[in-house]
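S.K.: There's a structure below that I have some questions on.
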Amino acid sequence: MNYFTGPIPHFHKVTTLKFLRLTDNFLSGSIPPSIGNVSSLTSILLGRNRLSGLIPETLSHIKELLELDLSFNSLSGSVPSSIYNMTSLCYFSVGSNTLVGQIPSHIGYSLSNLQLLILGSNRLNVLIPASLANMLNLQILDLSNNSLHGSVPSLGSLSNLHQLDLGRNLLEAHDWSFLTSLANCTQLTKLSLERNALNGSLPISIVNLSRRLEDLSLGSNQISGSIPVEIGNLVNLFSLGMESNFLSGSIPSSIGKLRNLYILNLSKNKLSGQIPPSIGDVTQLSELHLDGNNLSENIPGSLAQCMGLFELNLSQNNLDGSISVRLFADLLFAWSLDFSHNNLTGELPPVLGTYGIGSGLLSLHIEGNRFHGQIPERWHLLVSTRQLNLSHNGLSGVVPKFFEQLDKLEQLDLSYNNLEGVVPASGIFTHSAAVVLDGNKGLC
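What follows is the structure, given as structure tokens:
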């Protein structure tokens, strides 16, 4: 963690060095093969530099090596096969390089002492070896962001596993047996499977995962079926992502049992029915994304109990009724609110801008609804807002002059309403590309 530059020097006469840590610098060039001559080494930590070239095969000559970290560099080629036979290794990370080649089928036997294996963010285009199930000491397995394909093997024997990241690959799920097996991994806190080709119905066995699970990511797959009611069993979830799938049915009210939930993303599915009022019981919720579904009925007023919401997106649904004044009054810290493209009615909430409410709001989208009445004068206190879209509603009255004073405002869309009168001439209105007023026949 310094600012060292240039190449790593060659090692010719060093005979007693055990620990080499050059992590987080700006070192460049290739890894000198002569490091392999230092047989006393137990740790080689060269991550987060600008190293390039191939991984020297000579590193495998160090018989007592416990830690090898070459991550976050620009290394190319493949991992020498002899390194996969270094039975002493407990920590092996070559993530975030441009490596290609194979993961040997025997890796789980030859590296059976590994506690951490990170091969993520490379260019590996292979199957996941079933022998990984033999790494009984493994705590972290990261194979994410490659081109891994085929099925995920059963890894339920890894009772010490804390984190499993297989996201952003080409993996498939023929029978979901791998997920069922993970119920035996009682230490699991993170499971990432997002952006793969997982399909079929979401198995009920998902609710049997470790009660210690904090991060569950299944987004951007082809998963169908409904969200199990028993999802509320995963009481320590911090982040739940199931976005961009084909999930149907209703959002189970048991979601309210996830009191530790900070991020909930169920957007871009086929979910229907009401937004369960029990979501309001998740009072520390910071991000809620339910956009792009078929949700209907009113927006529950209980959402106001989530006073720490920074981002709320309910757009592109079939929600109706009005927006509770209390909801706007209690969302003191929101910076992005999107209610667009629903069937919402009523007047715009005048409480925004009052007593600092909404003063930190950066983006507000209400377009494509049935709001009527005038734009409230109190909105002149939206001093941080950069994007404001009120288009395609039934708003009337004049274009308020206070928009001229909102110097942070970058985009203002008031098109296709019933606004009338003179258009203000200064501030944002001097930038024609920043303001859209089409479809208001009464403006001059």
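Residue numbers for the sequence shown follow this note's numbering, beginning at 804 and rising by one. For glycine and all other residues, C-beta sits at the position ideal for the given N, C-alpha and C.
Whose C-beta lies closer than 6 Å to the C-beta of F863 among residues of the same chain, with five residues either side of it excluded?
M.R.: As a working mapping, residue 863 is identified with position 60 in the sequence shown. Before going on, a small fix: residue 863 reads as Ser here, not Phe. The residues S885, I886, M889, in chain order, have a CB closer than 6 Å to that of S863 in the same chain once the five nearest residues on each side in sequence are set aside.
S.K.: What runs of the beta strand (DSSP E), each 3 residues or longer, lie entirely inside the region 903-953?
M.R.: 919-921, 943-945
S.K.: So what does V1238 bridge to, in DSSP terms?
M.R.: Translated into positions along the sequence shown, residue 1238 becomes position 435. In DSSP, V1238 forms a bridge with L1215.
S.K.: So, under 8 Å CB-CB, N972 and N1002 are touching, yes? Tell me the CB distance rounded to an integer number of Å.
M.R.: For the purposes of this step, residue 972 is taken as the residue at position 169 of the sequence shown. For the purposes of this step, residue 1002 is taken as the residue at position 199 of the sequence shown. The Cβ separation is near 14 Å, so there is no contact.
S.K.: Under 7 Å Cβ to Cβ from Q746, same chain only, skipping five residues before and after it: list those, please.
M.R.: With the chain represented from 804 up to 1247, any question about residue 746 goes unanswered, as that position is not in the structure.
S.K.: Check whether the Cβ atoms of L1112 and L1134 sit closer than 8 Å, and answer yes or no.
M.R.: What you label residue 1112 is simply residue 309 of the sequence shown in a count that begins at 1. What you label residue 1134 is simply residue 331 of the sequence shown in a count that begins at 1. Against a cut-off of 8 Å, the Cβ pair of L1134 and L1112 comes out as a contact.
S.K.: Starting from F829, trace the beta strand (DSSP E) in both directions and tell me its first and last residue.
M.R.: The residue given as residue 829 occupies position 26 in the sequence shown. First-last of the beta strand (DSSP E) with F829: 829-832.
S.K.: Apart from the five residues on each side of it in sequence, which residues of its chain come closer than 6 Å, Cβ to Cβ, to N1145?
M.R.: On the sequence shown, position 342 is the one that residue 1145 refers to. Only N1120, L1122, N1172 meet the Cβ criterion.
S.K.: How close, in whole Å, do the beta carbons of L1184 and S1162 come, if the pair is a contact with beta carbons under 8 Å?
M.R.: Within the sequence shown, numbered from 1, the residue matching residue 1184 stands at position 381. Within the sequence shown, numbered from 1, the residue matching residue 1162 stands at position 359. Sure, about 6 Å apart at Cβ, within 8 Å.
S.K.: Buried or exposed: which applies to T1188, given that a residue is buried once 16 or more other Cβ atoms fall within 10 Å of its Cβ?
M.R.: Here residue 1188 is taken as the residue at index 385 of the sequence shown, counted from 1. T1188 comes out buried.
S.K.: Pick out whichever of Q1108, G1076, F1206, Q1087 has its Cα sitting closest to the Cα of L1093.
M.R.: Position 290 of the sequence shown, counted from the first residue, corresponds to residue 1093. Considering only alpha carbons, the answer is G1076.
S.K.: Identify the continuous alpha helix (DSSP H) that holds D1133 and give its terminal residues.
M.R.: Position 330 of the sequence shown holds residue 1133. Start and end: 1128-1133.
S.K.: Going along the chain, which residues of its own chain have a beta-carbon closer than 7 Å to the beta-carbon of P1006, five neighbours each way excluded?
M.R.: For the purposes of this step, residue 1006 is taken as residue 203 along the sequence shown, with counting starting at 1. Within the same chain, P1006 has close Cβ partners W979, L982, T983.
S.K.: Are L1222 and L1191 close, meaning C-beta to C-beta below 8 Å?
M.R.: Residue mapping note: residue 1222 aligns to position 419 of the sequence shown, counting from 1. Residue mapping note: residue 1191 aligns to position 388 of the sequence shown, counting from 1. For L1222 and L1191, no; Cβs fall outside 8 Å.
S.K.: Would you mind sorting P1152 into buried or exposed? The rule is 16 or more other CB atoms within 10 Å of its CB.
M.R.: In the sequence shown, counting from the first residue as 1, residue 1152 sits at position 349. P1152 should be labelled buried.
S.K.: Within 10 Å of its beta-carbon, does Y894 have 16 or more other beta-carbons around it, so buried, or fewer, so exposed?
M.R.: Your numbering for residue 894 matches position 91 in the sequence shown. Y894 should be labelled buried.
S.K.: On the three-state DSSP scale, how would you describe R851?
M.R.: Counting from 1 along the sequence shown, the entry for residue 851 is found at position 48. When secondary structure is reduced to three states using DSSP, R851 falls in the coil class, being assigned neither helix nor strand.
S.K.: Excluding sequence positions up to five away, which residues of its chain have a Cβ less than 8 Å from the Cβ of L869?
M.R.: Numbered from 1 along the sequence shown, position 66 holds the residue referred to as residue 869. The answer, listed in chain order, is T845, S846, S891, L892, C893, Y894.
S.K.: What residue range does the alpha helix (DSSP H) around F1142 cover?
M.R.: Numbered from its first residue, the sequence shown carries residue 1142 at position 339. Where F1142 is concerned, there is no enclosing alpha helix (DSSP H), given that its DSSP letter is neither H nor E.
S.K.: Where does Y887 fall in DSSP's three states?
M.R.: Taking the sequence shown and counting its residues from 1, one reaches residue 887 at position 84. Note: Y887 maps to helix in three-state DSSP.
S.K.: With DSSP as the reference, label S788 as helix, strand or coil.
M.R.: Given that the chain is displayed from residue 804 to residue 1247, the structure contains no residue 788 and the question cannot be resolved.
S.K.: What are the boundary residues of the beta strand (DSSP E) that F981 is part of?
M.R.: For the purposes of this step, residue 981 is taken as the residue at position 178 of the sequence shown. Where F981 is concerned, there is no enclosing beta strand (DSSP E), although the alpha helix (DSSP H) it sits in stretches over 980-984.
S.K.: Could you say which of A1236, V1225, G1149 lies nearest to V1201 if we only look at CA atoms?
M.R.: Translated into the one-based positions of the sequence shown, residue 1201 becomes position 398. With distances taken between Cα atoms, V1201 lies closest to V1225.
S.K.: Rounded to a whole number of angstroms, what is the C-alpha to C-alpha distance between F1041 and A1237?
M.R.: Translated into positions along the sequence shown, residue 1041 becomes position 238. Translated into positions along the sequence shown, residue 1237 becomes position 434. Those two C-alpha atoms are separated by around 38 Å.
S.K.: Considering only the alpha carbon of each residue, which of G1022, K1073, L985, N1063 lies closest to G1028?
M.R.: The count along the sequence shown starts at 1 and reaches residue 1028 at position 225. If we check each option's Cα against that of G1028, K1073 comes out closest.
S.K.: Can you give me the start and stop residues for the beta strand (DSSP E) that E870 sits inside?
M.R.: As a first step, residue 870 must be located in the sequence shown, where it is residue number 67. Segment 870-872, the beta strand (DSSP E) holding E870.
S.K.: Return the first residue and the last residue of the beta strand (DSSP E) that K1073 is part of.
M.R.: The sequence position of residue 1073 within the sequence shown is 270, counting from 1. Its beta strand (DSSP E) spans residues 1073-1077.
S.K.: Pull the bridge partners of F1041 from the DSSP assignment, please.
M.R.: Stepping through the sequence shown from its first residue, residue 1041 is reached at position 238. Paired residue(s): none; F1041 is not in a bridge.
S.K.: Run through DSSP, which three-state label would H864 get?
M.R.: If you number the sequence shown from 1, residue 864 lands on position 61. Three-state result, H864: helix.
S.K.: Label H813 either buried or exposed according to how many other C-beta atoms from any shown protein chain fall within 10 Å of its C-beta, with 16 as the threshold for buried.
M.R.: Locating residue 813 in the sequence shown gives position 10, counting from the first residue. Exposed, since its Cβ has fewer than 16 Cβ neighbours within 10 Å.
S.K.: Which of helix, strand or coil does DSSP assign to G1059?
M.R.: Locating residue 1059 in the sequence shown gives position 256, counting from the first residue. If DSSP states are grouped into helix, strand and coil, G1059 belongs with the helices.
S.K.: For a test of the three-state rule: what should DSSP assign to D1084, helix, strand or coil?
M.R.: On the sequence shown, residue 1084 is found 281 positions in, with the first residue counted as 1. Three-state DSSP puts D1084 in a helix.
S.K.: Would you mind sorting V841 into buried or exposed? The rule is 16 or more other CB atoms within 10 Å of its CB.
M.R.: Here residue 841 refers to the residue found at position 38 of the sequence shown. Label assigned to V841: buried.
S.K.: Look up L1246 in the DSSP assignment and say whether it is helix, strand or coil.
M.R.: Position 443 of the sequence shown, counted from the first residue, corresponds to residue 1246. If DSSP states are grouped into helix, strand and coil, L1246 belongs with the strands.
S.K.: Given a cut-off of 8 Å on the beta-carbon distance, is the pair L1019 and V1038 in contact?
M.R.: Locating residue 1019 in the sequence shown gives position 216, where the first residue counts as 1. Locating residue 1038 in the sequence shown gives position 235, where the first residue counts as 1. In this structure, V1038 does not lie closer than 8 Å to L1019 by Cβ.
S.K.: Short check: CB of L902 to CB of G923, under 8 Å?
M.R.: Position 99 of the sequence shown holds residue 902. Position 120 of the sequence shown holds residue 923. No; because the gap between Cβ atoms is not below 8 Å, this pair is not in contact.
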